[in-house]
Amino acid sequence: MGEHFVYREPAPLKGSEDDPFESMMARFEVASELLGLEPGVYEFLKVPEKQIIVSIPIQMDDGSVQVFEGYRVIHSSVRGPSKGGVRFGPDVNLNEVKALAAWMTWKCAVVNIPFGGAKGGVRVDPASLTTTQLEKVTRRYTASLLDILGPESDVPAPDMNTNEQIMGWIMDTYSMHARHTVTAVVT
18 MGEHFVYREP APLKGSEDDP FESMMARFEV ASELLGLEPG VYEFLKVPEK QIIVSIPIQM
78 DDGSVQVFEG YRVIHSSVRG PSKGGVRFGP DVNLNEVKAL AAWMTWKCAV VNIPFGGAKG
138 GVRVDPASLT TTQLEKVTRR YTASLLDILG PESDVPAPDM NTNEQIMGWI MDTYSMHARH
198 TVTAVVT
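Under my numbering, the first residue of the sequence shown is numbered 18, with each subsequent residue one higher.
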C-alpha cells in the first residue's frame, strides 16, 4: 500500500496576533516543521528579499504639504517576478505589508504559478482625500518605486481601498518613465 501521513500536533504558535508579521512567522514556523523544511531554506524564506519605505510629500488642495509613508516589500522572487497588491489605509504599516508579502509567496507556490510574493501600501485614509490628492499620492508612490516595478520584476495589483483607477495611475506613471505604454506593469 501507499505511504500514510501521520498527523502530529504542532507546537503552539509563538507569535503575537497583534503583530501580523509575528503571526505569519509563527504559522510559517509550524508549517516548516511539519514539512521538514531544511534549516537553510527556512532561514532564507523567513526574511523578505527587499523592504522599501518611501516618504510621499503631497501638496494638498489648500496649499499645505502632508507627508505620507509608503511601503513595498518583495518577499521572494525565486519563482519569478513578485506579485502582490497595493493597499491604502490609515493603519497600513511595514509589519502588515511584510506579512502579506510572505502570504503571497506561499499562495503562489501552493498553486504552482511562476510568481513570487510582494505587497505594498500607503498609510493614508483615501476617503479623506480628493481625487486629485489621491492621484498625487499614487503617482508619487509609484515614482518612488520605479527601480523595482516592472512586468519582469514586480507587478502590483489592487487590494484594500485600491481599484482599477489606482492601477491605471500606476501604469500611466510607470509608462511615462518608460516612454511607452506598459500595460503589464499592473494587473
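Every residue, glycine too, gets a C-beta built ideally from N, C-alpha and C.
**Q.** CA-to-CA distance, Ile-70 to Ala-126, given in whole angstroms
**A.** The residue you call residue 126 lines up with position 109 of the sequence shown. The residue you call residue 70 lines up with position 53 of the sequence shown. The straight-line gap from Cα to Cα measures roughly 26 angstroms.
Q. Straight-line CA distance for Glu-60 to His-194?
A. Along the sequence shown, read from residue 1 onward, the residue named residue 60 stands at position 43. Along the sequence shown, read from residue 1 onward, the residue named residue 194 stands at position 177. Taking the straight line joining both Cα atoms gives about 37 angstroms.
Q: Spell out the partners DSSP gives Asp-171 in its beta bridges.
A: Within the sequence shown, the letter at position 154 stands for residue 171. Per DSSP, Ser-99, Gly-167.
Q) Cα separation between Asp-208 and Asp-35? A) What is shown of the chain runs 18 to 204, which leaves residue 208 out entirely.
Q: Take every Cβ of the region 126-135, pair it with every Cβ of the region 90-101, and state whether three or more of those distances are shorter than 8 angstroms.
A: By the criterion of at least three beta-carbon pairs nearer than 8 angstroms, the region 126-135 is in contact with the region 90-101.
Q. Roughly how many angstroms separate the alpha carbons of Tyr-88 and Gln-150, rounded to a whole number?
A. Locating residue 88 in the sequence shown gives position 71, where the first residue counts as 1. Locating residue 150 in the sequence shown gives position 133, where the first residue counts as 1. Near 18 angstroms, if we compare the C-alpha coordinates of Gln-150 and Tyr-88.
Q: Note down the Cα distance separating Ala-144 from Ile-73, rounded to an integer number of angstroms.
A: Walking along the sequence shown from the start, residue 144 turns up at place 127. Walking along the sequence shown from the start, residue 73 turns up at place 56. Separation of Ala-144 and Ile-73 (C-alpha to C-alpha, rounded to the nearest whole angstrom) is 17 angstroms.
Q | Gly-80, DSSP secondary structure in three states | A | The sequence position of residue 80 within the sequence shown is 63, counting from 1. Here Gly-80 sits in coil by DSSP.
Q.
Considering Cα atoms alone, identify which of Gly-133, Thr-122, Gly-102 is closest to Met-184.
A. Here residue 184 refers to the residue found at position 167 of the sequence shown. The shortest Cα separation from Met-184 among Gly-133, Thr-122, Gly-102 belongs to Gly-102.
Q: Please go through the same chain and pick out, in chain order, the residues whose beta-carbon is closer than 7 angstroms to the beta-carbon of Asp-78, but skip the five residues on each side of it.
A: Walking along the sequence shown from the start, residue 78 turns up at place 61. Within the same chain, Asp-78 has close Cβ partners Thr-147, Thr-149, Gln-150.
**Q.** Assigned secondary structure, Val-154 (DSSP; H/G/I helix, E/B strand, else coil)
**A.** Indexing the sequence shown from 1 puts residue 154 at position 137. Three-state result, Val-154: helix.
**Q.** Ranges of the beta strand (DSSP E) found wholly within the region 38-79, counting only runs of at least 3
**A.** Segments of the beta strand (DSSP E) lying fully in the region 38-79: 67-76.
Q: To the nearest angstrom, report how far apart Gln-83 and Ala-116 are at their CA atoms.
A: In the sequence shown, counting from the first residue as 1, residue 83 sits at position 66. In the sequence shown, counting from the first residue as 1, residue 116 sits at position 99. Going from the Cα of Gln-83 to the Cα of Ala-116 covers about 27 angstroms.
Q: Give a yes or no on whether the C-beta atoms belonging to Glu-169 and Pro-98 are separated by under 8 angstroms.
A: As a working mapping, residue 169 is identified with position 152 in the sequence shown. As a working mapping, residue 98 is identified with position 81 in the sequence shown. When the beta-carbon positions are compared, Glu-169 and Pro-98 come within less than 8 angstroms of each other.
**Q.** Nearest residue (CA-CA) to Thr-179, options Thr-200, Val-141, Leu-166, Ser-192
**A.** Locating residue 179 in the sequence shown gives position 162, where the first residue counts as 1. With distances taken between Cα atoms, Thr-179 lies closest to Val-141.
Q. Taking the continuous beta strand (DSSP E) assigned at Ala-135, which residues delimit it?
A. Locating residue 135 in the sequence shown gives position 118, counting from the first residue. For Ala-135, the enclosing beta strand (DSSP E) has its first and last residue at 133-140.
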